[in-house]
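Read top to bottom, the protein sequences are chains A and B.
Its first residue numbered 73, the first sequence is counted upward by one per residue in our numbering.
Its first residue numbered 8, the second sequence is counted upward by one per residue in our numbering.
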Amino acid sequence: MENLVEINNEAHKNLVLNPAKAEAHGANLRLIPAVVPEFTNLAVQYPIVLTKNEETGEFTFAAMLGFDQEENLFWENNQWQGIYLPLQVQRQPFFLGKASERASKGDAQDYVVCIDTNSPMISKQSVESDPQLQKVYTDSGAESEYFQQSKQCLSHLLQGELDNAKLLDLLKQFDLLQPLSLEVTFVNEQRMRLNGLYTINQDKLAALTNEHVITLHKSALLQPIYTMIASLGQVYALIERKNEKITSAKE
Amino acid sequence: MNNSTNNSADVNNPVKKVVVVGGGIAGWLTAGRLAAHHKANTETGIEVVLVESPTVPAIGVGEGTWPTMRSTLIALGISETDFIRECDASFKQGAKFAKWVDGAPEDFYYHPLVLPQGFSKADMAGYWLAQQNQNKDSFSQAVCFQEAVCEQGLAPKTIRTPEFDAIANYAYHLDSGKFAVFLQKHCTEKLGVQHVLDDVVGIQSLENGDIGAVATKENGNLSGDLFVDCTGFSSLLLGKHFKVPFKSCSDVLFIDTALAVQVPYEDENTPIASHTISTGQEAGWIWDIGLQHRRGVGYVYSSKYSSEEQARAVLAKYVGPKIDSLNIRKIPIKSGHREKFWTNNCVAVGLSAGFLEPLEASALVLVELSAQMICEQLPATRDAMDIVAKRFNETFLYRWDKIIDFLKLHYMLSKRTEDFWADNRDPKSIPDSLLELMKLWEHRAPADFDFTSNNEVFPAASYQYVLYGMGFESDYTQSQYLLNNRSFADQQFAKNKEMIKKANAALPSNRELLDKIRQYGFSSM
């Protein structure tokens, strides 16, 4: 369970993090929320699909990493075996929280950076004991380079969420979504039907009016749509990965 | 607007303009279906005008619907999220009948909306009756997972289920006043229905007896090719003008009075039942319908068996002390229908055609079915109208009869001892058509082949739920061949248990889902 607290250079002055452990946050995730700006990176290895938020029923973009519940086929030997690490994992253990009224009074700063105090990245060791370890604040209390990079990542995510909303709006408006029906048979004859995933309706995409195509293109959303379509081919790679896992487990 | 009326009707006249008189739910649903189906908002479509009195209040019957309402809303192009938000609507997964069998505190059964497990493949009722276990589940609990869903107060779907899709089949409870306003806005803004707020003061007839126009107080004559009478109990066109007689069925269905009251919830966390609760009383029954922001409760009774004072006491006992601060509305009920519903170029929809009683929510579904048939079979010319009228009358006379049979079934099987209930068992009060069916069901369960018309209203499954819920026992001694696949039946019973477990794990509470719909809405996929 995450426990988010606002970060500051007094309480967290001596905080030490192990960036290598960020990946562990994704160890049990079958679907990881994704943002439009990282679609091209994701598509190199992962199918990009839509799923529905359990709480709100709203569509969310996600990279698909496995078939069974809590199955991440890219997590092996306690390591992420993928080329690209999704932003939602990279960002760990930092989150953006809405600033309380006190903080936002008359200030443009609407968000505050929080840290998950339950993150496995938090290290009890001293920063000198391991060259991998990073401090969040320097001795003088300034933000470390590592922390500044992490904040950059948060700001990418924030920007990406806005792009997501724009894309989703138009996908719904132009009626371009459809359920993704996937029936898979693995090497051990196990059959599986995947429900609750959605993707682009290519027939409707092909039938868009000129005007709608231009709208999508001018909003720079045509490319992510095609990236999503292309990424579906990665389902085969994912099945392959699953088959290898099944086979090697037998041996 | 064409105010002059040509005094003759040419048989080749195309039907291009429909005038709906009356603006309750019946009026707006019919106008909406016609306008949507016949593209009233385009050049080539027909013209649909709805004239509504600014002074006559809508009666507001029917807060309960059938699952058909989902297809009706889809046909009208309405978003389910908007409908639920604006009509105070909630989900209805059938009805719970309490104290109908013998009146004991634990006496209840369900008429759910999901078909019995294995229904189309085996006579599940027979297998259920053959179970020897003394503490066996009720029929509805043994063959349908929906009873458990209702008893747990769960919704029929989740926030991730697309609009109008179901995990468990469902209908709605709705605020009829709000629904009429909602429909009016949708019909006028989206579907091209023209709205005239005026009193109809006269009718102009053509030589052949057709209505040429209705005269209004402020807007002159409204001419039309077809007139739809949605004027409620007053039945202004069909009853008053065409003098089509009213056929009472009070000799079969004894209810003649309703006392209705709106009951607020204790607080914003009070569970909202996702089924209609119908509780038997000394001279009738009480309906209890959970909307989002209040309950609708009412006692329908027969004044022959109860004074109004007694009835008020029965209602007060059910609602509790808070009834003192609530406004009780008394509504007379004349059970019956017109001898025909379509004559000349006038068809009646809603209360102007007839009304029975709120049991099994037959009022709105008849409006939907009427509107559907009118819009799908709208004759192209006056010439074809008499044929359509004849077919319409045959169809709906059949439907009214079947509904009367099905409602009577609820009463005739009761073992309650009060006079109202005892008299309901008198064979003289039971239609022959129902007595015949009962004879057949002495030795087997109601089956699809008992209901072979295209115009059936209640399916065989509904008869099974009521029959075996009310404690009827078909005797299979002569029909053992129906029970020769016990292992299949056992699989179905086990499957149902499994589905109960799954549903309990997957479905949110009814209130929780309604809150989420207000906050987030459904997606259309």
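The beta carbon of each residue, even a glycine, is placed where N, CA and C say it ideally should be.
- Taking a cut-off of 8 Å on C-beta distances, the region 251-267 of chain B does not touch the region 227-238 of chain B, as fewer than three cross pairs fall below it.
- Judged by DSSP in its simplified three-state form, B:TYR483 adopts coil rather than helix or strand.
- Judged by beta-carbon spacing, A:LEU114 lies within the 8 Å limit of A:ALA135, meaning their Cβ atoms are closer than that value.
- Around the beta carbon of B:ALA178, 16 or more other beta carbons sit within 10 angstroms, so the residue counts as buried.
- For B:PHE253, the enclosing beta strand (DSSP E) stretches over residues 253-255.
- DSSP places B:GLY216 outside both helix and strand once states are collapsed to three, so it counts as coil.
- With a beta-carbon spacing of about 7 Å, B:GLU383 and B:HIS44 fall inside the 8 Å limit used to define contacts.
- For A:THR271, the number of other beta carbons within 10 angstroms of its own is at least 16, and it is reported as buried.
- Under the three-state reduction of DSSP, B:GLY287 is assigned to strand.
- For B:ARG77, no chain A residue has a Cβ inside 9 Å of its Cβ, as the nearest lies near 18 Å away.
- Cβ atoms of B:LEU245 and B:SER359 come within 8 Å of each other, at about 6 Å.
- With contacts defined as CB atoms closer than 8 Å, A:SER303 and A:PRO119 qualify as a contacting pair.
- Put simply, the region 489-499 of chain B does not touch the region 153-162 of chain B. Fewer than three CB pairs are less than 8 Å apart.
- Distance from A:LYS85 to A:GLY213 at the Cβ level is roughly 7 Å; contact confirmed, criterion being Cβ atoms closer than 8 Å.
- Contact annotation for A:THR128 against chain B: ILE166, LYS523, GLN526, TYR527 [CB-CB distance below 8 Å, chain order].
- Using a Cβ-Cβ distance cut-off of 8 Å, the region 430-447 of chain B and the region 408-416 of chain B are in contact, since at least three pairs of beta carbons, one from each stretch, lie closer than that value.
- Interface residue (Cβ-Cβ distance to chain A less than 8 Å): B:MET532 is classified as such.
- By the rule that beta-carbons nearer than 8 Å mark a contact, A:LYS124 touches chain B.
- Secondary structure note for B:TYR405: its alpha helix (DSSP H) is the uninterrupted segment 389-419.
- Unbroken alpha helix (DSSP H) stretches of 4 residues or longer found wholly inside the region 228-279 of chain B: none.
- Closest option to B:GLU480, judged by alpha-carbon separation, among B:SER460, B:PHE458, B:LEU447: B:LEU447.
- Looking only at B:ALA82, B:ASN48, B:PRO163, the smallest Cα-Cα distance to B:ALA512 is reached by B:PRO163.
- Bridge partners of A:ALA135 according to DSSP: A:ILE104, A:ILE120.
- Using a Cβ-Cβ cut-off of 8 Å, A:PHE131 counts as an interface residue toward chain B, since at least one Cβ of chain B sits closer than that to its own.
- Around the beta carbon of A:LEU249, 16 or more other beta carbons lie within 10 angstroms, which makes this residue buried.
- In the DSSP assignment, A:HIS228 falls within the unbroken alpha helix (DSSP H) covering 217-245.
- Between A:PRO105 and chain B, the shortest Cβ-Cβ separation is not below 8 Å.
- Contacts with chain B at 8 Å (Cβ-Cβ) do not include A:LEU87.
- Around the beta carbon of B:TYR116, 16 or more other beta carbons lie within 10 angstroms, which makes this residue buried.
- The beta carbon of A:LEU249 falls within 8 Å of a beta carbon belonging to chain B, placing the residue at that interface.
- Think of a sphere of 8 Å around the beta carbon of A:TYR270: the chain B residues whose beta carbon falls inside it are MET532, in chain order.
- In this structure, DSSP gives B:LYS24 an extended state, which the three-state scheme calls strand.
- B:PHE403 is not a Cβ neighbour of B:PHE465, given a cutoff of 8 Å.
- Burial state of B:LEU442 is exposed, judged by a 10 Å Cβ sphere holding fewer than 16 other Cβ atoms.
- Under the DSSP assignment, A:CYS186 falls in the beta strand (DSSP E) whose first and last residues are 183-188.
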